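Following UniProt numbering, the numbering of the sequence shown begins with 1 at its first residue and continues without gaps.
Have a look at the structure below before the remarks.
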Amino acid sequence: MLVYYVRTFLPWILLAVISGWSDQAGALAGLVAALALFADDLRRGNRLESLVLELSTIVFMALLTALAFAALDAALMDYGASMSIGWLGLTAWGTLLIGRPFTQGVARRDVDAEIAATDLFKRITTVIAVVWAVSFTVMALVLADVQHTAPHNTALLVGVKIAGFTIPAVFTARYPEIAQKRYFARHGIDRGIAR
């Protein structure tokens, strides 16, 4: 799962790093990476339902690239970090709102159809999506404030991003097993039989 998230967020990482020198180059690098990763995912046979974040990334990077080249000195570009994380938050909340958390498609890659159809699987992936959505939202708001009040405080900006991604990533790695144990205990299911 960690490899998935690092790979998925690579365009955002490139955007953040390269935009330090040039907004245009950062946005374009993010867009190229997003398109390349999406093409690779399709080549590997991944279904579109598991590529929600990737599709959302392409849309955002395309819009940001157009803005970066059309309005070279746009003040909005000063809030690139908070805009990008805010976009991820909107994506996560949107998938929850329509009842198809982005995490379901991702997690389905690692389980068979029988497990993916269970209520437990759906609850676990929904809770994980909520945690990511909250983290993205809080991170976007904090980043917007830092970018407004202390835009040159790089250490704080990086610290917010690290915390904002690490907390939900650790939760994502640990929560499924915890939820399964609770479910099995509550229903008197022997884990050896359930596997």
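Glycine included, each C-beta is placed from N, C-alpha and C at the ideal position.
If you're wondering where the values come from, they're calculated on a predicted model, not measured in any experiment.
Selected residue, minimal CA-CA separation from Ala-70, among Ile-98, Asp-23, Leu-141, Val-111: Asp-23
Rounded Cβ spacing between Pro-151 and Asp-78 (contact assumed at less than 8 Å): 7 Å
Pick from Leu-97, Trp-12, Thr-125 that is closest to Arg-109, judged by C-alpha positions: Thr-125
Any 3 or more C-beta pairs closer than 8 Å across the region 140-151 and the region 82-98: yes
Straight-line Cα distance separating Phe-121 from Ile-115: 7 Å
7 Å Cβ shell around Ala-92 - same chain, five flanking residues per side excluded: Phe-102, Ala-129, Trp-132, Ala-133, Phe-136
Start and end residues, alpha helix (DSSP H) containing Pro-168: 154-186
Short Cβ contact (7 Å threshold) for Thr-57 with Ala-34: yes
Which of helix, strand or coil DSSP assigns to Val-146: helix
Helix, strand or coil at Phe-60 according to DSSP, with G and I counted as helix: helix
Closest residue to Val-158 among Gly-45, Phe-60, Tyr-4, Ile-13 (Cα-Cα distance): Ile-13
Cβ-Cβ distance between Val-52 and Gly-105 below 7 Å: yes
Where Val-127 sits in the DSSP three-state scheme: helix
Where the alpha helix (DSSP H) containing Asp-112 begins and where it ends: Note, Asp-112: premise wrong, no alpha helix (DSSP H); not H, not E.
Endpoints, alpha helix (DSSP H) assigned at Ser-19: Unbroken run through Ser-19: none, as it is neither H nor E.
Contact check, Glu-54 vs Phe-38, beta carbons under 7 Å: yes
Within 7 Å, strictly: CB atoms of Gly-164 and Met-139: yes
CA-to-CA distance, Leu-96 to Val-160, given in whole angstroms: 24 Å
Reduced DSSP secondary structure (H/G/I, E/B, other) of Ile-13: helix
Proximal residues to Thr-88 (C-beta, below 7 Å), its chain only, five neighbours per side dropped: Reading the sequence as shown, one finds Leu at residue 88 and not Thr. Result list for Leu-88: Phe-136, in chain order.
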